[in-house]
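With the numbering used here, the residue at position 96 of the sequence shown is 283, and numbering never jumps. C-beta atoms are modelled at their ideal positions from N, C-alpha and C, and glycine is treated no differently. As the structure is a prediction and not an experimental result, all values here were calculated from the model. For reference, the structure is listed below as structure tokens.
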Amino acid sequence: MPDENPDHLRLSEHEDMQAIIGKPPGWMLRWGTTALAAGVLLMLAISWFVRYPDVVEAQAVLTTQHPPIRVVAGQSARISQLLVQNGSLVNQGGLLAVFDNPAHLPDIQALSDFLKNLDSQPPSALTSVLLPEPLQLGSLQAGYARFSQKFKDLQFFLRQDVNFQKMSNLRSQIAATVSLNHSLSRQEALLDEEVALARENFRQDSLLFESGALNRLEKEQSQTAWLRLRRELQSLRTGAVQNELRIRQMEAQILDLRQLQSNGHNDRVLDLRSELQQLRGEIETWKNTWLLVAPIAGEVALTNAWSEQQFVEKGAEVLTIVPRQEAGPVIARALLPGAGAGKVSAGLPVNIRLEGYPYRESGVLTGKVSRIGPVPVGGGYEIEIALPGSLLTSYGQTIPFRQEMKGTARIVTKKRSLLERLFERVWGWGAG
């Protein structure tokens with residue numbers, strides 16, 4: 188086969204192609220390019236002027252400034268006493284229910300009252316205090332046994348301490364002397380009046396004697412009575428001063444005896460106080476575990492417990508307390524996902540689609556972001572949404588409020604154009 192020139196072959200192929208498609212008219216090229224450029228510019232203009240916001244969704248719950256409080260079980264157990272029913276009004280701290288446990292509730296209450304009264308007793312008065320026994324305390328029995336032992340050790344020490352007995356006697360004497368001085372003070376006031384009257388009587392008798400209307404003997408008798416009462420008053424005041432001196436001396440003796448008292452007293456008191464605090468902590472733990480107490484005043488609504496002997500799992504909701512005080516304005520609380528938190532700020536509008544009220548039929552509730560939590564909670568930020576008090580939807584329908592109604596909060600963020608979003612994606616790809 189003879190050799191063929193490659194350039195000749197390419198030229199031949201080009202000529203064949205031109206023969207197939209023909210030559211396009213010049214006007215088509217010019218107007219086609221213009222139309223394409225105009226189309227691109229139109230699309231860019233539309234992309235710039237068409238703006239719409241981003242929407243950040245979060246699950247929301249409708250509540251009030253003072254929401255109901257859920258009371259949960261602190262232990263898996265049967266309810267031995269259910270002390271309330273639906274609609275019952277309770278005060279804060281009121282007992283709601285008791286779970287079945289080995290302890291006897293009246294004994295726990297008696298021990299709590301005893302420990303409370305113990306705070307007002309000085310150590311010197313503990314020798315005559317009797318411990319409440321016997322008590323059925325269940326898991327608290329060991330802690331009470333330790334406290335009881337420390338208490339009895341201190342009592343024995345105080346009863347055997349001679350210095351302590353001396354101080355007790357001195358305190359009794361001081362109390363008696365103070366009482367005596369109070370009595371002397373009242374006597375002094377009366378005697379002072381008698382002295383004043385006797386002095387006035389003597390002055391009048393002196394005037395009568397000078398005028399000759401009274402003899403010397405009667406005048407001297409009046410003077411003697413006045414002087415006698417003055418001596419009694421002076422003696423009374425001297426006795427009061429002596430009593431004050433005795434009180435000061437006895438107080439000084441008490442201070443000396445305190446210095447002589449052994450350090451064992453302080454050690455025992457500290458040991459007792461340590462056991463006392465530990466026992467109080469155990470009692471509080473027991474109450475939180477086996478008792479249900481009203482955290483606020485309000486009306487009871489039973490949720491998962493309706494009768495005694497019903498078994499309840501630990502952490503399960505037993506009842507709810509609706510506060511009696513003014514509930515305050517209706518608000519929505521939502522957990523904002525961390526991914527969209529940077530787009531949300533206070534004041535942004537929010538549309539809430541309520542569960543049970545399809546938004547295509549009932550509309551949406553409108554509100555504004557009023558507060559954003561400063562720290563993340565459960566993988567997001569808690570936000571608070573202010574709502575109109577009447578719960579009027581965008582379709583003019585008024586929604587009756589019920590606590591903890593659920594819905595989806597759609598937070599409307601800043602509007603952006605299609606062109607901005609396109610460039611954002613392009614820049615994002617370039618940065619990636």
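- Per DSSP, residue 538 is one residue of the beta strand (DSSP E) stretching across 536-541.
- With 16 or more other Cβ atoms inside 10 Å of its own Cβ, residue 462 counts as buried.
- With contacts defined as CB atoms closer than 7 Å, residue 531 and residue 598 qualify as a contacting pair.
- Beta-bridge partners assigned by DSSP to residue 396: none are found.
- By the CB criterion at 7 Å, residue 416 and residue 385 fall inside the cutoff.
- Judged by DSSP in its simplified three-state form, residue 500 adopts coil rather than helix or strand.
- Taking the Cα positions, residue 518 is about 35 Å away from residue 498.
- Scanning its chain for C-beta atoms nearer than 7 Å, with the 5 sequence neighbours on each side dropped, one finds around residue 313 the residues 341, 342, 345, in chain order.
- The C-alpha of residue 477 is placed about 20 Å away from the C-alpha of residue 301.
- Segment contact: the region 275-295 against the region 483-492, three or more CB-CB distances shorter than 8 Å; contact assigned.
- For residue 548, the uninterrupted alpha helix (DSSP H) segment begins and ends at 546-549.
- Between the alpha carbons of residue 493 and residue 272 lies a distance of about 8 Å.
- Straight through space, the alpha carbons of residue 287 and residue 327 are spaced by roughly 15 Å.
- 7 Å or more divides the Cβ of residue 474 from the Cβ of residue 542.
- Residue 290 is positioned such that its CB atom lies no closer than 7 Å to that of residue 596.
- With a threshold of 16 other beta carbon atoms within 10 Å, residue 318 falls short and is exposed.
- By the C-beta density criterion, residue 545 is exposed, having fewer than 16 other C-beta atoms within 10 angstroms.
- The beta carbons of residue 527 and residue 243 sit about 4 Å from each other, so the pair counts as a contact at 8 Å.
- In this structure, the beta-carbon distance from residue 284 to residue 466 does not fall below 7 Å.
- In this structure residue 556 is buried. Its beta-carbon is surrounded by 16 or more other beta-carbon atoms within 10 angstroms.
- Cβ neighbours of residue 247 within its own chain (closer than 6 Å, five residues either side excluded): 519, 521, 539, 594, 596.
- Between residue 554 and residue 574, the C-beta gap is smaller than 7 Å, which places the two residues in contact.
- Within its own chain, the residues whose Cβ lies closer than 6 Å to the Cβ of residue 297, once the five positions on either side in sequence are excluded, are 319, listed in chain order.
- With fewer than 16 other beta carbons inside 10 angstroms of its own, residue 306 counts as exposed.
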